[in-house]
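S.K.:
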Amino acid sequence: MTVVGIDKVVVRFAGDSGDGMQLLGDRFTLQAAAFGNDLATMPDYPAEIRAPQGTVHGVSSFQVHFADTDILTPGDTPDVLVAFNPAALKANVEDLRAGGVVIVDPDEFTKRNLAKAGYERDPLTDGSLRHLTLHRVAMGAITLGAVKPLGTGRKDALRSRNMFALGLLSWMYGRPTDGVEHALRAKFAKLPTVAEANVLAFRAGWNYGETTEMFATTYRVAPAALPAGEYRRVSGNAALALGLLTAGWISRMKVVLGTYPITPASDILHELARHKNFDLLTIQAEDEIAAVGAALGASFGGALGVTTTSGPGLALKSETIGLGVMTELPLVIVDVQRGGPSTGLPTKTEQADLLQARFGRHGESPVPVLAPLSPSDCFDTAVEAARIAVTYRTPVLLLSDGALANGSEPWRLPKIAELAPIDPGFATGPNATDDSGDYWPYLRDRETLARSWAIPGTPGLEHRIGGLEKAERTGAISYDPANHEAMVRTRQAKIDGIAVPDLDVDDPDSARTLVLGWGSTYGPIRAAVRRLRSAGRAVAQAHLRHLNPFPANLDDVLSRYDRVVVPEMNLGQLALLLRARGMTDIVSHTKVTGLPFKAGELEDVLMDLMEGVAA
Amino acid sequence: MTVVGIDKVVVRFAGDSGDGMQLLGDRFTLQAAAFGNDLATMPDYPAEIRAPQGTVHGVSSFQVHFADTDILTPGDTPDVLVAFNPAALKANVEDLRAGGVVIVDPDEFTKRNLAKAGYERDPLTDGSLRHLTLHRVAMGAITLGAVKPLGTGRKDALRSRNMFALGLLSWMYGRPTDGVEHALRAKFAKLPTVAEANVLAFRAGWNYGETTEMFATTYRVAPAALPAGEYRRVSGNAALALGLLTAGWISRMKVVLGTYPITPASDILHELARHKNFDLLTIQAEDEIAAVGAALGASFGGALGVTTTSGPGLALKSETIGLGVMTELPLVIVDVQRGGPSTGLPTKTEQADLLQARFGRHGESPVPVLAPLSPSDCFDTAVEAARIAVTYRTPVLLLSDGALANGSEPWRLPKIAELAPIDPGFATGPNATDDSGDYWPYLRDRETLARSWAIPGTPGLEHRIGGLEKAERTGAISYDPANHEAMVRTRQAKIDGIAVPDLDVDDPDSARTLVLGWGSTYGPIRAAVRRLRSAGRAVAQAHLRHLNPFPANLDDVLSRYDRVVVPEMNLGQLALLLRARGMTDIVSHTKVTGLPFKAGELEDVLMDLMEGVAA
Amino acid sequence: MTTVDTETAGRRSGLALVPSDPEPQKAADYRSDQEVRWCPGCGDYIILNTVQAMLPELGLRRENIVFISGIGCSSRFPYYLDTYGMHSIHGRAPAIATGLAVARPDLSVWVITGDGDALSIGGNHLIHALRRNVNLKILLFNNRVYGLTKGQYSPTSDRGMVTKSSPVGSPDAPFNPVSLALGAEASFVARSMDSDREGLAEVLRAAAEHRGSALVEIYQNCPVFNAGAFDALKDPDQSLRRVIRLRAGEEIDLGPVGEDGRGTQVVARDPRGRLAVLPREEADSKSILVHDPADEDPSTAFALSRLSTQDLSCAVTGVFRSVSRPAYDDEVRDQAVLAREQHPPSIEDVIAGGDTWTVSERSER
Amino acid sequence: MTTVDTETAGRRSGLALVPSDPEPQKAADYRSDQEVRWCPGCGDYIILNTVQAMLPELGLRRENIVFISGIGCSSRFPYYLDTYGMHSIHGRAPAIATGLAVARPDLSVWVITGDGDALSIGGNHLIHALRRNVNLKILLFNNRVYGLTKGQYSPTSDRGMVTKSSPVGSPDAPFNPVSLALGAEASFVARSMDSDREGLAEVLRAAAEHRGSALVEIYQNCPVFNAGAFDALKDPDQSLRRVIRLRAGEEIDLGPVGEDGRGTQVVARDPRGRLAVLPREEADSKSILVHDPADEDPSTAFALSRLSTQDLSCAVTGVFRSVSRPAYDDEVRDQAVLAREQHPPSIEDVIAGGDTWTVSERSER
Ligand SMILES: Cc1ncc(C[n+]2csc(CCOP(=O)(O)OP(=O)(O)O)c2C)c(N)n1
Ligand SMILES: Cc1ncc(C[n+]2csc(CCOP(=O)(O)OP(=O)(O)O)c2C)c(N)n1
Ligand code: SF4
Ligand code: SF4
Ligand SMILES: [Mg+2]
Ligand SMILES: [Mg+2]
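Chains as they are written, first to last, in the numbering used here: chain X, 270 to 884; chain W, 270 to 884; chain F, 700 to 1064; chain Z, 700 to 1064.
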């Protein structure tokens, strides 16, 4: 038995929706996390309805990437695939790197199952897997044997196969095991037999590795050098929810989430609905328009109104967001982007709502736009979005996407007490500058241009706001042409003037090419840049989190490079915005497959481009 | 009595909403039209609710510009103002040119009326009108006298004051009168006493001019040199409605308008609802989403689905338009733009929905965008929009605006028989290229990339479409990454490849500056350019009617000029799109007051800019 | 009158949590500085006056009253009241008000809407607010036409009504707003008329006191686009024959008052159990309906709503239904209170989530 | 069976203008080539089979049948039927189908929707389609949960239902879809159940024949997110005690069948005129309700809808209401026909408008 130290590994588990792949992936991930590896994950669910068992459509998978250095993506090509049935093999085997390891249960490769998966010949025997390292492990049979003492029925007993796999992989990668059994017993506390079956299967898996001579090598991935601190694993949706919760906490404002379920945003609702013990309310509205309306109504009452959705829902909310622009109330709108247009590819990721976020409202109605760059960054971006919304009294659009939402990574817990508080600064008395003693809801802060904000319940400041054009300062209805002009420009100036941190550039080698991204492409871009640098190429990297307004130094930064490559999961929407600012030398690289970029693919593209430059 | 020949005159009538200003303006316009002048008009209604009589808010006005040459705008500054009460004077007098003529009824300038209008002193006596030529005509009293024989009550009798004014102005400008009496009798055929009162008042007005010595001069504006043909006056909304009707006629498709009333688009519905004898149906839906849904449903059935709205409604329709993009069905969406954001300035004009039209949908969902450049051009643009929608199987956005919608001009009647027919080319049989004998709804025309279109009722071609991503050719649901990529790019390529006429440039003097506009700014831009040329300045002009895709020669054209000035009634939306194409040297000149540009104001701006260039 | 925490018969008042004003108020206190701009003769004026006269009676702190409207002539209403207010967008007021009411139990939240605003574009939000029983008072100004957009037919217009958008008559069958509300599980539904100041004030007071959603349909005259639509009900003689005024616990009658001081016509169950208007003498006295707005079963209220006909040959007014059931906003808040009691919030714990691990300094390389 | 132009009792059939197929059809003709992808055990399968078995009976040309759906598990339905179809967007199917039905009288247009699709986001379109009485057959698959988005509560879920979005129970009171439809002026309303193939086929046939909007609520089992929600109605014994099957012209009864072959329980009017379920022997025989779906007054149908309770202790099924009133699409088309008769269309005349003038060559300078 050889033990080989490696720096990273990418494992993918795949099986039927009912085979417990997500649980398996989750546990394996937690082991890696507990061990101190850095990691990133990518679950992949089947199309929205449960497909017939055993078919390719019904395959669910979970990919984990763990390493001894900080990593940025869930990995391009798995090193190991555990396929629970022929369909799972078929759906995933092409993604493996050459020489990768495939573990299958040969008993599953019956004629019937092969047919369901659409295999005409048995891939285990027809030579098509020649380039891979194939291991046949009778996972089902062994699991059945292991749990036999419990007297569980066959069907239920087979449910523990996933834990067999966990045991086997844990052995292969020398993962700590004590936590697992404890966790399984806790999870199934109410079903002790199930808990026991899972534990037995897990042990059987470990022992199988240890005992049989099937696997000649085991691997060790050392802990990563992460900054010291307390960590947890977090998905983008969970981090986003926690960010909203935290924004409420540090602003002492009630958070009111008005929302309507939609993939892949629903989990933000699910997460927040569990925290009703905070000063937080969730309203599952009748539709997206009602959802954003309820959020805006709550904001009118002095709460932090939030609404969460995906592209189709954002389209529906457009008109009400315009009302938010006109009434100048805080509102956070989260769009977890998915494949479009229309219903499109609802479970896949995309970045094609950027222009909708910027321009998808009638009239001149600018709103700030932010995008998180990793699952854990969803937390910070949510806090930042709320801060801008409250400080500037404006709707703010936060663009997450399917990859961030469902992906996860280790997250060093933030110190809440150290976050700068958010101050709604409600008006408490009259403010008219003409000694009328009146209250002027549209009197503005000189610096931020934010309007004064008095909430119902404040005596003496009674006033009305609404969607018609407002007179400067007093906020009365005004049809005056000059006033309209002034208000249109003021609203624009307010957004343009939002304080946004300068864009950081990572450019150790004074490169001539800059790669500029936004949102969830951060991981693959960064990984590609690293690879290029290891290959001796000079390339600079910067990533935009603020898409409106852009950082003030953006033009400056960009002008320093011969060319700026902008990879996007759309047809070049950021590139369009950059060019619209008069920037030339923008090279737009786009991909719209519903899948994230792979680091390798970006590496190749950048390499080609730079060779072009050099030429 | 002197008779002076002049080349043009701008007259504005103003009074209470109840005073019949629109009827008065209309009749006066028709006289000018019948006489052969070229003309343009601009009605201005009060804010949406009828305000208390006699207040400035309740003032309604109608401006007519008529001339012996072709004219382009309703005029910057009136030469003549007929003000029916103090409020009408107050609301309009500042717009007059110095030395302009004001006609008022002195009996209306009572303390009470002055107070209602917000006058502290009587403007007729306080010297504030010194720079104008003031005529006091007891329009009310004389009208009462004139209609006395009919025994009409005072209140009803006074209703004919507007016709008194018509008579007086007709005399001043030597307008033909026989048509008027005939028209009045026809209009009030069911109310003969009212008809008679109007005729008597009209005659009294004429006679007043003829008899009294108040007016020393009368004017003559000769007929304009318009191309020969049959003409009518048409407003933008009416022309648009007729264009849609005509598109149905020449395509032999049923036109189904699904719409929800909204200012300033409602009149398109009102016009079309009157033509149910054509193969046309109007559906007044429960909201904008239902309206566009009904239109799309009708299109699915093989009709030409149309929906009309303004900005807030377009926002609501976004999601359904996305479904139109995915299902690739023809659909014409008309947005009559008004002041925004939100409810904004609903009765005023603006061009601020261009970016919403281009980008206001989630995912990559391109649609063609067109904008008419004058009221009568709404006809041609509507036909063109329908042609593109049907030919390319795509939703098309047509951007009109409040100024076009309510403005009017003479229109040489098109020869319907000479219009190229529109051919929906419905599929009638299987088309699969694999000898399966199947029908593939997403098989595309090689040239246009339009998909095949079989409508319900066609035997053997039964199929399903929908909002999920479609497989190339077969149209089956597909989650395949490569297919999605291909479809996203194909949909984009289809729109990018739409055949659009080249941009015409008017540049007699090889200018260095080009003025480029879109939509309703055509009139004022053209007028300004003329003035500059008369002043010896070289300036080129071009106007975009196709905003997506742009004409193929656009980049070429623009590159020929040192600078391109882009005047817009927004914050520079076309300018943004041009810069996004990599065009530099774009000078954006914007105005967002809810009012159209004035020719004079543009002249000044262009002059200043060109001096800048010269410097 | 102070209404804080009035708990009548175990029912919490709609105003229970809204602070009261110790100072007496007058109608003028509720007049804003905005010039009222409806057309002369518009029914909206009377409704405005009635509301301004009624509000002081509630005895609430003025700053704790909020009016939210949609878009339409009627929706200008909030501008004229010196309370907090929002003139929102077309059809969405109930949704916006829901968010406000849920977030702020200390406010008395009113929605002002029109037949187009509430029943056309806003229909979904209306029925959902009623179903959820959010603590909102919804005043639906029904002039049976779109006023603001200059006179198209609305979802309450007569079939066949000629307007600019229906030059040969509307092909649409109208809603009966009371029936619709009852079908949507409304806990409080009433109807009144602009011209009936007293009746209107009465139902408005009842609506205010009701905990949960209260829908009040108000027949409103639009002299410009649908002049005289309700005239038949305004002529005293006609009104007597046509208008049924519901009063809790009383027999439902109408018509000229007989010697016994009661209407000469009554609403009674016919032999098949359906409601009918009969001369009192023809009705079996047991079959005469005694109005019970608190009936848990909305079927009788629904049947009453069908007695009102679109042509107004019969118009039922007053409170059709007023039953006590949990208000959505109370439920949501109660869940929160309970959650807080069970698990006092700790932001650190929630952030940590459960499964954490520690990377110590030494593990850094 | 051919149904073209069947005019029963002066009523035009819902299929009157749809061409019939002279060839006999079978269920298999309606199976598309798409693999059906609902979860194992999903009630949608049975409904699909029932529809596929029922369609041939209508005898229509297959290409003249269109199914339009929204979004949801149930809305996948059209893919599995070999007719024309559109899987549209969430909640909008009734609006889209309205446009199609108005434009194309020769089609039989069906809408497939779920409780979320129809009653949550799509509520407004649903009530307006019913009010207008557009010639659409709307099948509402009510599984009382959002299936497709993985199990949040819906507007028909039980109050207190625990889901991911309501971890301590839904605070919402549910709609009763039949009551809502009746409040919205529906001319045809029925209810059935996935498992009751025969009953379902019967109401589907009646819906197809009905001219105007027909709403059919179908209780549908979602074994994954709301397993067994309707089990109480499926157990034969329970079903007997709980399920009322409405049949036109028959007494409304339920319960174990007595010696006379009739149910031992009946629906009767109580002394206050309200409906109640009583043992047959306790009911005055005159007070027993005889079902009349054609009753112009929807009040009794509404009262019947209230007998059904959310907890299914009683579930009323069958056709609640089926009355004849003008269908919107017929009206709109009739207006057009009349207009054409009165004024044959001339595009030139319309373009000219009325007031024209001529500029002759010589006036050119
Ligand atoms: C999204 C949107 N669609 C349409 C309109 C135009 N609009 C404003 S009010 C109105 C109808 C008003 O009718 P109703 O609610 O009955 O109010 P009323 O004016 O009669 O009081 C319409 C169609 C709008 N402002 N916004
Ligand atoms: C505009 C929009 N909002 C939300 C969604 C997400 N969504 C899809 S189906 C659905 C609810 C489905 O519930 P139901 O109609 O009851 O159908 P079921 O899946 O239960 O058959 C939701 C919320 C969407 N696709 N589009
Ligand atoms: S249009 Fe009608 S509803 Fe509107 S303000 Fe005038 S009278 Fe009132
Ligand atoms: S989730 Fe429920 S409704 Fe959807 S397919 Fe599965 S069982 Fe059927
Ligand atoms: Mg109205
Ligand atoms: Mg459902």
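Glycine included, C-beta positions come from ideal geometry on N, C-alpha and C.
If the criterion is Cβ atoms closer than 9 Å, does the pair A651/X and L623/X meet it?
M.R.: Going by C-beta atoms, A651/X is not nearer than 9 Å to L623/X.
S.K.: Is T342/W near ligand 2, in the sense that its beta carbon is under 8 Å from a heavy atom of that ligand?
M.R.: Not under cutoff, so the answer is no.
S.K.: Please classify Q842/X as buried or exposed, where buried requires at least 16 neighbouring CB atoms within 10 angstroms.
M.R.: Burial call: buried.
S.K.: Hey, is the segment 776 to 790 of chain X in contact with the segment 830 to 844 of chain X, meaning 3+ C-beta pairs nearer than 8 Å?
M.R.: Short answer: they touch.
S.K.: Tell me which residue opens and which closes the alpha helix (DSSP H) that P355/X is part of.
M.R.: Looking at the DSSP string, the run of the alpha helix (DSSP H) that includes P355/X is 355 to 361.
S.K.: For Y778/Z, which residues from the same chain have a beta carbon less than 6 Å from its beta carbon, with the 5 sequence-adjacent residues on both sides left out?
M.R.: Q733.
S.K.: Would you say L839/Z touches ligand 4, meaning its beta carbon is less than 8 Å from a heavy atom?
M.R.: Result no, Cβ not under 8 Å from ligand 4.
S.K.: A386/W and A415/W look like a contact to me (Cβ under 8 Å); what is the Cβ gap, rounded to whole Å?
M.R.: No, A386/W and A415/W are not in contact; Cβ-Cβ is about 27 Å, not under 8 Å.
S.K.: Of the choices L383/W, F866/W, T596/W, A567/W, whose alpha-carbon is the least far from that of V636/W?
M.R.: Checked all of L383/W, F866/W, T596/W, A567/W; the closest Cα to V636/W is T596/W.
S.K.: Using beta carbons (cut-off 9 Å, strictly below), is S587/X in contact with chain Z?
M.R.: No, S587/X does not count as interfacial toward chain Z.
S.K.: Measure from the alpha carbon of R686/Z to the alpha carbon of each residue in K725/Z, A993/Z, Q1041/Z, S1007/Z, then state which is nearest.
M.R.: The structure shown does not extend to residue 686/Z, since chain Z spans only 700 to 1064, so no value can be given for it.
S.K.: May I ask you to report which of helix, strand or coil DSSP gives P777/X?
M.R.: Three-state result, P777/X: coil.
S.K.: For L566/W, which of M753/Z, S1007/Z, V801/Z, D895/Z has the nearest alpha-carbon?
M.R.: Reading off the sequence shown, one finds Gly at residue 566/W, where the question assumed Leu. It is V801/Z.
S.K.: Between the Cα of I558/W and those of G593/W, T532/W, L550/W, A301/W, spot the shortest distance and give me the residue it belongs to.
M.R.: The shortest Cα separation from I558/W among G593/W, T532/W, L550/W, A301/W belongs to G593/W.
S.K.: So, at 6 Å on beta carbons, what are the nonlocal neighbours of A900/F in its own chain, with the 5 sequence-adjacent residues on each side left out?
M.R.: T749, M753, listed in sequence order.
S.K.: According to the Cβ coordinates, are K863/F and A542/W closer than 9 Å?
M.R.: Yes, the pair counts as a contact, with Cβ atoms nearer than the cut-off.
S.K.: V665/W and A654/W: beta carbons closer than 9 Å?
M.R.: Contact: yes.
S.K.: Starting from R543/W, find everything on chain F with Cβ-Cβ shorter than 7 Å and list it in chain order.
M.R.: Within chain F, the residues near R543/W are P866.
S.K.: Let me know if L718/W comes out buried or exposed under the rule of 16 or more other beta-carbons within 10 Å of its beta-carbon.
M.R.: It is buried - the Cβ of L718/W has at least 16 other Cβ atoms within 10 Å.
S.K.: Counting only Cβ-Cβ distances shorter than 9 Å, please list the residues of the segment 708 to 740 of chain X near chain F, keeping chain order.
M.R.: Going along the segment 708 to 740 of chain X in chain order, one finds A723, I724, P725, G726, T727, P728, G729, L730, E731, H732, R733, I734, G735, G736, L737 with a Cβ nearer than 9 Å to chain F.
S.K.: Find the nearest neighbour of S986/Z within the set L974/Z, R1032/Z, L714/Z, V808/Z, judged by alpha-carbon distance.
M.R.: Of the listed residues, the one whose Cα sits closest to S986/Z is L974/Z.
S.K.: Mind checking if S731/Z is an interface residue toward chain W, Cβ cutoff 9 Å exclusive?
M.R.: S731/Z counts as touching chain W.
S.K.: Checking 9 Å against the spacing of the C-beta atoms, do L350/W and V362/W come in under that value?
M.R.: Against a cut-off of 9 Å, the Cβ pair of V362/W and L350/W comes out as a contact.
S.K.: At the level of alpha carbons, what is the spacing between A283/X and K424/X?
M.R.: Roughly 19 Å between the two C-alpha positions.
S.K.: From which residue to which residue does the alpha helix (DSSP H) around A740/X run?
M.R.: Premise fails: A740/X is in no alpha helix (DSSP H) and is neither H nor E.
S.K.: How would you list, in chain order, the residues of chain F whose beta-carbon sits under 9 Å from the beta-carbon of I558/X?
M.R.: The answer, in chain order, is G790, R791, A794, N823, H824.
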